[in-house]
Amino acid sequence: MIDLKVIAADSASALLDYSYRPTEILAIAAIVAEPPYLEPVYCEAYPLFRPVGDRSVLLEEFKLCLKLLDTHRPDELHLDITAGSIDLSTTNVEEALTFLSSKARKALGEVLPSLVEELRRSGVKVSCLLIGKESLPVRLAELTAGVYGVYYASLKALQENAEVRVGLPKASTLKVEGASMWLESLLPGEERVKGCAVSNIDLQGLSLIEHPNPVAAGFRVVAIRPRR
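Quick note, our numbering runs 14 ahead of the 1-based positions in the sequence shown.
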């Protein structure tokens with residue numbers, strides 16, 4: 015039996031306005047996943063604070079995947095682009111676009127050529143699947159980026175001494191234990207699935223309250239408030 019090692023990336027958690035609508039994507043993360051795929055074996059993340067809908071984020075996700083290649087030697091790369099699980103390493107841009115809806119084609123038409131060029135320049139000989147949320151490693155990356163988004167938003171709340179609302183990835187919940195926090199999946203069939211934890215954090219000056227998003231069923235919100 016051959017175990018499949020996967021590197022995946024995603025961006026997640028959103029800064030919400032006072033109408034609970036997302037305005038900025040907070041964080042990006044790449045992870046390494048191995049069996050049993052319940053949590054990453056390695057991750058890297060950094061703050062994003064990029065407007066919702068900025069498609070250039072997809073290129074940054076891909077570059078972060080490439081950064082992990084040399085040290086982790088995966089069998090596959092998984093990207094959060096839904097295009098029939100086609101392999102970007104063996105497909106040209108025109109063919110890849112035919113797998114997308116007209117809406118997705120319009121949104122990704124400028125990004126896909128950049129992905130193909132970046133892959134060609136890297137010289138990487140590994141499958142790069144446009145698999146989207148069908149990939150459990152992509153879900154692990156989403157949960158990891160999500161909790162880092164909460165962490166970066168917490169720093170923002172402390173710095174500005176103001177309440178910040180964070181929209182979590184769909185069907186996920188925040189767990190805090192001691193000086194660590196992480197996101198767990200609430201989806202059926204994803205019991206015990208969670209992202210990387212953010213550790214050695216100090217949340218004593220903050221109050222974190224989680225509740226459902228009143229305008230987006232299936233999504234939850236973390237209200238982060240400095241303690242007065």
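Even for Gly, the Cβ is constructed at its ideal location relative to N, Cα and C.
Spatial neighbours of residue i in its chain, beta-carbon cut-off 7 Å, leaving aside the 5 residues before and after
i, result
"Ala59", "Ala41, Ile42, Ala43, Thr158, Ala159, Tyr162"
"Leu246", "Past the edges of the chain, shown from 15 to 242, lies residue 246, and the structure says nothing about it."
"Tyr166", "Leu40, Ala41, Pro61"
"Glu48", "Asp17, Lys19, Val55"
CA-to-CA distance, residue j to residue i, given in whole angstroms
i, j, result
"Leu245", "Ser103", "Since the first residue shown for the chain is 15 and the last is 242, residue 245 is missing from the structure and cannot be characterised."
"Asp17", "Pro88", "10 Å"
"Glu74", "Leu114", "20 Å"
"Phe76", "Glu174", "32 Å"
"Ser25", "Asp68", "11 Å"
"Leu197", "Leu172", "21 Å"
"Val229", "Phe63", "22 Å"
"Leu72", "Gly209", "19 Å"
"Thr37", "Val125", "21 Å"
"Met15", "Glu205", "Below a pLDDT of 50, predicted positions are generally treated as unreliable, and Met15, at 43, falls in that range; no measurement from the model is reported."
"Lys120", "Ser141", "25 Å"
"Lys139", "Tyr51", "23 Å"
Own chain residues within Cβ distance below 8 Å of residue i, not counting five before or after
i, result
"Ser168", "Val178, Ile215, Leu217, Leu220, Leu222, Ile238"
"Val235", "Leu30, Tyr34, Arg179, Val180, Gly181, Leu182, Glu224, His225, Pro226, Asn227"
beta-carbon residue i near the ligand FMN non-hydrogen atom, thresh 7 Å
i, result
"Tyr32", "Here there are no bound small molecules, and the ligand FMN is not part of this structure."
Among the options, nearest to residue i - alpha-carbon criterion
i, options, result
"Val32", "Ile145, Gly203, Ala176, Ser194", "First, the residue type needs correcting, since residue 32 is Tyr and not Val in the sequence shown. If we check each option's Cα against that of Tyr32, Ala176 comes out closest."
"Ala22", "Leu91, Ala230, Arg64", "Leu91"
"Val66", "Ser27, Ile45, Thr96", "Ser27"
"Val212", "Lys189, Glu205, Gly203", "Lys189"
"Asp101", "Gly203, Leu143, Tyr51", "Leu143"
"Leu93", "Pro49, Met195, Ala155, Ala193", "Ala155"
"Gly146", "Pro50, Thr96, Asp84, Arg241", "Thr96"
"Ser194", "Gly203, Pro202, Pro151, Val164", "Val164"
"Gly203", "Arg241, Lys170, Arg153", "Arg153"
"Lys170", "Ser99, Pro240, Asp84", "Pro240"
"Pro127", "Glu191, Gly232, Ser70", "Ser70"
Residues near residue i in its chain [Cβ-Cβ closer than 6 Å; skip 5 each side]
i, result
"Leu82", "Ile21, Ala44"
"Ser136", "Leu80"
"Glu53", "Lys208"
Span of the alpha helix (DSSP H) around residue i
i, result
"Thr134", "Checking the sequence shown, residue 134 turns out to be Arg, not Thr. Taken as a continuous stretch (DSSP letters only), the alpha helix (DSSP H) holding Arg134 covers 125-136."
"Phe233", "Careful: Phe233 lies outside any alpha helix (DSSP H) and carries neither H nor E."
"Phe113", "Note, Phe113: premise wrong, no alpha helix (DSSP H); not H, not E."
Run of the beta strand (DSSP E) containing residue i, from where it starts to where it stops
i, result
"Glu191", "186-191"
"Asn105", "Note that residue 105 corresponds to Thr in the displayed sequence, not to Asn. Element bounds for Thr105: n/a, residue is neither H nor E."
"Leu91", "90-93"
"Glu156", "Element bounds for Glu156: not the beta strand (DSSP E) but the alpha helix (DSSP H), 150-174."
"Leu144", "141-144"
Problem - the region 49-59 / the region 107-123 touching (three or more Cβ pairs under 8 Å) - result: no
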